[in-house]
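So the structure is just underneath, and the comments pick up after that.
See below:
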């Protein structure tokens, strides 16, 4: 077991690079796509899915590669992780996500901070975030229960998100830290700050619903705290 | 072994999310593609293939992840599953599929029910469905015979469907439950209700033909009923 | 070990479905792509790569899934397979390939036979076929030497062909049986019959060169005939 | 253990084919894409990622499949490889890269040598190369530390580069040998010779920074020289 500081650093670094992949590829895709939003989202999807596989394989053996406060909360509820380290993970994820957006801005020569004007609101999109995060947690808990290898976990999560980018109207943020990080970029992947709290609430509710379902469905055993 | 109710629930949940992936990504793809049907089908293909990998890895260890009445019938014919649980699986698959379409409609703010006007008819398309389902069952029986891991099964099936979306003129529904579910959406992935029975008949015939071929070709052993 | 008739049947069925994937997805892609050849080739590439993974995983444990006379000849030269069964494989591959094109025509409602008018000629394209087949055999021999699992073989071959579709000017036929089968379709993936012999000669030369290199490079052990 | 001459040959052959994949697919993509740069980069990305998987699986068991002087330098700094063989690797990588560009030119009927006029300059692009190579080395060291199989290493590296093509403004060269090789092609993937030294310096700095971080983060053990 690595020290908590190293594990939290990995969560920050991983969530940061994930956010850079999402925001950066969105900027690149929009610049090149000549106005065809489907091509832009396809490039954004491929970069995100590929990035997730690489990041989960890289950081999974150290920190578990949650890279997502909704995942960490669900894990803490089932005592896969204790609450104090969970809190450290979550702080690192939010900080890393914001740093990831800033890094994307630096690499694409965009002003460091910008407030998104991309409206993402309405009940259908909130339901989308609930469904997206619910599905993500079902995928993850099934993998944890089956004692899957890190390769299977990485592939499951990345393929799920790849699909969910397209089958939800919100393009599946499904991650509170990345949602906050995407509110400070006025680019392809941005979200208005005013829309972020609703997204995050829907994500947390989806994660809670999945945790309850999986506890019953997968007969999750009582878990030892690390 | 999980209880039948949990296994059937997994079949329903899995078939539902698969249908949501197919229908939802079709809606998103058509909205964004600016009229280029190849880009729309490419996005639809990637979302379906990725979703299949995630869903088979997630539900495979519980229910076997048939997610398809044609698969369940073939498995029951070879007594991999007994007929009573097979019937429960099939009911859950049809119900899940319909629920999956409705969920996609909710997320994309479309009226809950709509009848498809997408004509998919003619002998070439029926032959396509026969071939698509025949090939799918050959892929699955080869994997079962080789005692493949769930990763290999998931990859085989998803890659097969990814290819079949493009090499058949019907885009390979290859699944009676998903065919019914796609008849109640007047969007990219829809099929007119009047065309659905022919598709389903061709799918069942294709599955039967593959089951007969594989019994001889792969020397399928007599299977114990669970 | 399965009987030769079953193994040859698998080679025919596998090469046939591979050809159907190549030709069929080419027809679908060209119909939908609205004149953008890059999008059409991208769809053709994805269908071919995905199909290869599914087919190698399916038929690999039975026949070895050569699906390609250039591979079978190289294997026979190194006595991985004896010449009489190799001859049966090759006959099955050519017959399967032609049947695969006809099946694609039936599914897309095209006249059963048509002669391709797609010119693919000139020294750069011949060098492309030499390089493509040379690289394919290096990839395969490295996998055989490392005693790779069928998953690794399938992934190596499919990813190699995915790349080679784009990095050669001929789009990497790299397969004499598929080359003949593509000469009788006047669609996206076709090749003029007059251009086929040159392609096939270049492919055989590339396979021979790779076999010689790999014998030295990978210290291939003497192989027992089955 | 293979002889150094064979291992260096594999590094040259692998880096050469990687460069051919990058440069050749860039030429093909630009020719077909009809001016849509996003589609061209998508094809270029898929060919590069797929090629990386095939090449690492092929040459990994022989030479380690560094295929990149920045990787070899980092490995030598941690004494995974001694400096004399590292020097041989690096010479082979640069020679192979240049040969790979020439081969692409031959296959696409382009004059053998051409000087790129593609400007890639400015601090944001230099930071991009630093970040791209830093991330690549973190991915690789994490895999080495976890004693990952060659499949996991190939998937990690290929998926990372697939993402990085899109999330950096430089499209992630991240490889000094490939950078030099891309300076002698006036095509899609080219880079002006005057811009190459800055890219290479940024890549080396990124590799060094990652090596230092990983030494602490992953508690890299002292490594025996081979």
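Chains as they are written, first to last, in this note's numbering: chain A, -14 to 211; chain B, -14 to 211; chain C, -14 to 211; chain D, -14 to 211.
We treat Cβ as the ideally placed atom computed from N, Cα and C, and that holds for glycine.
Just reading off the alpha helix (DSSP H) that residue 90(D) is part of, what are its end residues?
68 to 92
Rounded to whole angstroms, what's the CA-CA distance from residue 38(A) to residue 107(D)? Just pull it up for me.
30 Å
Quick check on residue 100(A): buried or exposed, where buried means 16 or more other Cβ atoms within 10 Å of its Cβ?
exposed
Rounded Cβ spacing between residue -10(C) and residue 92(D) (contact assumed at less than 8 Å)
Rounded, the Cβ-Cβ distance is 40 Å, inconsistent with contact.
Pull up the distance between the alpha-carbon of residue 98(D) and that of residue 84(D), whole angstroms please.
11 Å
Can you confirm whether the stretch 63 to 83 of chain D touches the stretch 15 to 29 of chain D when touching is taken to mean that 3 or more C-beta pairs between the two stretches lie within less than 8 Å?
no
DSSP on residue 136(B), reduced to helix/strand/coil?
helix
Residue 175(C) versus residue 29(C): straight-line alpha-carbon distance, rounded:
13 Å
Below 7 Å on C-beta distance, what does residue 178(B) contact in chain C?
Here the premise fails: no neighbours, minimum Cβ distance about 23 Å.
On the criterion of 16 or more Cβ atoms from any shown chain inside 10 Å, does residue 197(C) qualify as buried, or is it exposed?
exposed
Which residues in chain C sit within 9 Å of residue 13(B), going by Cβ to Cβ distance?
In chain order: nothing, as chain C lies at least about 17 Å away.
Beta carbon of residue 172(A), beta carbon of residue 11(A): below 8 Å?
yes
Whole-Å CB distance - residue 162(D) paired with residue 70(D), under 8 Å assumed
Not quite, the Cβ-Cβ distance comes to about 16 Å (not below 8 Å), so this is no contact.
Along the chain, where does the alpha helix (DSSP H) containing residue 22(D) start, and where does it finish?
22 to 48
Chain D within 8 Å of residue 33(C), Cβ atoms only
no
Looking at chain A, is there any beta carbon in it that lies within less than 8 Å of the beta carbon of residue 144(B)?
no
Starting from the N-terminal side, write out each stretch of the alpha helix (DSSP H) that is 4 residues or longer and does not extend beyond the stretch 118 to 205 of chain A.
135 to 152, 161 to 167 and 181 to 202
Report back the beta-carbon spacing between residue 141(D) and residue 128(D) to the nearest angstrom; my notes put them in contact at under 8 Å.
5 Å
Mind listing which residues of the stretch 150 to 175 of chain C have their C-beta closer than 9 Å to chain D's C-betas, in chain order?
150, 151, 152, 153, 154, 155 and 156
Do you know offhand how far residue 181(A)'s Cα is from residue 168(A)'s?
7 Å
Interface residues of chain C facing residue 91(D) [CB-CB closer than 7 Å]
109 and 112
Chain-order list of residues whose beta-carbon lies under 7 Å from that of residue 187(B) (same chain, five-residue window excluded):
111, 114 and 115
For the stretch -5 to 29 of chain A, which residues have a beta carbon sitting closer than 9 Å to at least one beta carbon of chain B?
20, 21, 22, 23, 24, 25, 26 and 27
Chain C contacts made by the stretch 43 to 64 of chain D, where a contact means CB separation under 8 Å
43, 44, 46 and 47
Give the secondary structure of residue 111(A) by DSSP, where H, G and I count as helix, E and B as strand, and everything else as coil.
helix
Helix, strand or coil at residue 100(C) according to DSSP, with G and I counted as helix
coil
Within 10 angstroms of the Cβ of residue 126(D), are there 16 or more other Cβ atoms? Answer buried if so, exposed if not.
buried
Assuming contact is defined by CB atoms lying nearer than 8 Å, are residue 41(D) and residue 166(D) in contact in what I supplied?
no
Measuring only between beta-carbons, confirm whether residue -11(B) sits less than 8 Å from chain A.
no
Determine the closest residue to residue 51(D) out of 177(D), -1(D), 190(D) and 123(D), with distance taken between C-alpha atoms.
-1(D)
Coarse secondary structure for residue -12(D), derived from DSSP in three states
coil
Counting contacts by CB-CB distance shorter than 8 Å, is residue 83(C) in contact with chain B?
no
With DSSP run on the structure shown, which of helix, strand or coil describes residue 65(D)?
coil
With a threshold of 16 other CB atoms inside 10 Å of the CB of residue 96(B), please say whether the residue is buried or exposed.
exposed
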